[in-house]
Amino acid sequence: MENKIQEIKKEALTELENANDLKSLEAVKNKYLSRNSEFNNLKKGMKDLAPEQKPVIGALINKVWNELENLINEKNDIFYKKELKEKLLKEKIDITLNGNYIPMGHVHPLTQTVNEITEIFQNLGFSLAKPKNSPEVELEKYNFDLLNVPKEHPARDVQDTFYCDNLENVVLRSQTSNAQARTMMNTKPPIKIISPGRVYRNENVSARKNNLFHQIEGLYVDKNVTMAQLKGVLNEFIRLYFGQARPTRYRSSFFPFTEPSVEIDVQCIMCQGKGCSVCSGTGWLEILGAGMVDPNVLEAVGIDSSVYSGFAFGMGVERLAMLKYAIDDIRLFFNNDERFLKQF
Ligand code: PHE
8 MENKIQEIKK EALTELENAN DLKSLEAVKN KYLSRNSEFN NLKKGMKDLA
58 PEQKPVIGAL INKVWNELEN LINEKNDIFY KKELKEKLLK EKIDITLNGN
108 YIPMGHVHPL TQTVNEITEI FQNLGFSLAK PKNSPEVELE KYNFDLLNVP
158 KEHPARDVQD TFYCDNLENV VLRSQTSNAQ ARTMMNTKPP IKIISPGRVY
208 RNENVSARKN NLFHQIEGLY VDKNVTMAQL KGVLNEFIRL YFGQARPTRY
258 RSSFFPFTEP SVEIDVQCIM CQGKGCSVCS GTGWLEILGA GMVDPNVLEA
308 VGIDSSVYSG FAFGMGVERL AMLKYAIDDI RLFFNNDERF LKQF
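Each residue of the sequence shown is one higher than the one before, starting from 8 at the first, in this note's numbering.
So, in structure tokens, the structure goes:
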């Protein structure tokens with residue numbers, strides 16, 4: 008029996024010597040150390056041995072078995088590492104190769120500006136008006152009547168406003184202020200909304216004017232809303248949008264739906280107020296219109312003006328983007344010239 012064991016061991020060692028990869032090693036393992044191996048059969052045959060032989064042979068079998076097992080594991084380790092290394096080398100990605108260029112689109116600069124301004128006002132506690140309160144095709148009632156714009160006001164003139172040929176009283180809205188009228192009609196105060204969107208005016212297209220542009224409307228209605236709050240909110244907006252507090256100027260102005268009304272200028276960002284071509288030498292740039300909601304408007308939409316007051320503002324998105332990025336022609340936003348769009 009002892010001889011047989013040594014014989015198997017010798018045979019196994021030779022085969023182990025010749026095994027040169029994981030696969031052949033696995034074969035050796037199966038042949039000598041598996042359940043059906045000859046070695047295991049020897050183990051089973053032990054029951055026929057003389058009692059004093061059993062422990063001796065048993066110990067020998069275990070010793071040889073463990074020796075073989077250790078050798079196989081050692082080799083297995085070496086082969087595994089070697090084969091892994093070869094595999095990794097073969098699969099290595101050459102990152103110095105030029106990739107395929109896949110042109111990617113991105114968000115339009117005007118949309119970026121709207122998103123940025125929206126986020127600023129959301130952080131100041133304003134929420135987005137419902138889309139149904141801000142239609143682009145609008146009744147004169149919401150674009151003008153409820154906003155205290157008299158029938159004979161020049162803004163209603165067909166030279167400014169686009170009317171529908173075959174639908175009476177239907178216009179392409181000339182301002183996002185229609186969102187004010189609609190929101191106040193169907194919402195109880197407190198109201199604190201902004202409403203971005205497209206507006207249309209029958210303008211001669213030039214570097215400064217397009218007949219489609221974008222506005223962002225803001226409206227705050229509650230008890231005791233004051234002009235001081237309007238200033239606080241808009242100054243904070245200017246600081247956040249331009250990245251620093253800028254000198255501002257509140258000029259008295261007129262809008263039919265606000266009283267008092269103001270137009271707000273910021274110091275020219277190109278010349279720091281010295282006067283240049285961008286600000287036509289004045290040192291100031293107008294960025295928005297605003298004011299306290301006219302009590303007539305509150306009453307027209309069914310809000311008690313003896314209890315509530317409010318402020319509203321409206322700003323041109325193109326204008327704000329042009330100021331921030333020093334763009335000198337509004338038409339660039341609409342031509343879809345990649346050389347321009349790619350810069351944002
Ligand atoms: N709707 C005005 C415009 O288009 C701007 C504005 C909005 C002014 C709200 C006051 C309050 O010029």
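Even for Gly, the Cβ is constructed at its ideal location relative to N, Cα and C.
Tell me the DSSP secondary structure of residue i in three-state form.
i	result
V114	coil
Y149	helix
S203	Per the sequence shown, residue 203 should be read as Pro rather than Ser. P203 falls in the strand class under three-state DSSP.
I135	Sequence inspection shows Leu at residue 135; the Ile mentioned does not correspond to that position. Looking at L135 - three-state DSSP - the assignment turns out to be strand.
I5	The question about residue 5 has no answer here: the residues shown for the chain are numbered 8 through 351.
V314	coil
I337	coil
V144	strand
L32	helix
V240	helix
A7	There is no way to answer for residue 7, as the model of the chain reaches only from 8 to 351.
V121	helix
R42	coil
K11	helix
Which first and last residues belong to the alpha helix (DSSP H) in which residue i is found?
i	result
T190	185-193
F262	Careful: F262 lies outside any alpha helix (DSSP H), inside the beta strand (DSSP E) at 255-262.
N210	A small correction: the amino acid at residue 210 is Glu; Asn does not occupy that position in the sequence shown. Here E210 belongs to no alpha helix (DSSP H), and DSSP marks it neither H nor E.
P62	60-98
E159	Segment: none, E159 is in no alpha helix (DSSP H) and carries neither H nor E.
R346	345-348
F46	45-52
L154	No alpha helix (DSSP H) holds L154; DSSP gives it neither H nor E.
N303	302-307
CB residue i to CB residue j, shorter than 8 Å?
i	j	result
G239	E270	no
D301	F264	yes
C286	M299	no
L146	V165	no
L241	A188	no
S141	N173	no
E306	D272	no
V71	I12	yes
L40	L75	yes
M192	V308	yes
Q274	G282	no
F351	P116	yes
L67	E9	yes
V35	L49	no
F340	E325	yes
N150	Q182	yes
Going by DSSP, name the residue or residues bridged to residue i.
i	result
A297	V269, F320
Y170	V178
Q274	W291
I198	V228
Determine, for residue i, whether the minimum Cβ-Cβ distance to residues of chain C falls below 8 Å.
i	result
G317	The structure shown contains no chain C; it is built from a single protein chain.
Three or more beta-carbon pairs under 8 Å between the region 197-208 and the region 134-153, yes or no?
Counting Cβ pairs under 8 Å, three or more are found: they touch.
Meets three-Cβ-pair contact criterion under 8 Å: the region 218-227 and the region 313-329
yes
Inter-stretch contact at 8 Å, needing at least 3 Cβ pairs: the region 107-115 / the region 208-216:
No: fewer than three Cβ pairs fall under 8 Å.
State whether the region 27-34 contacts the region 78-87, with contact taken as three or more CB pairs (one from each stretch) at a distance under 8 Å.
yes
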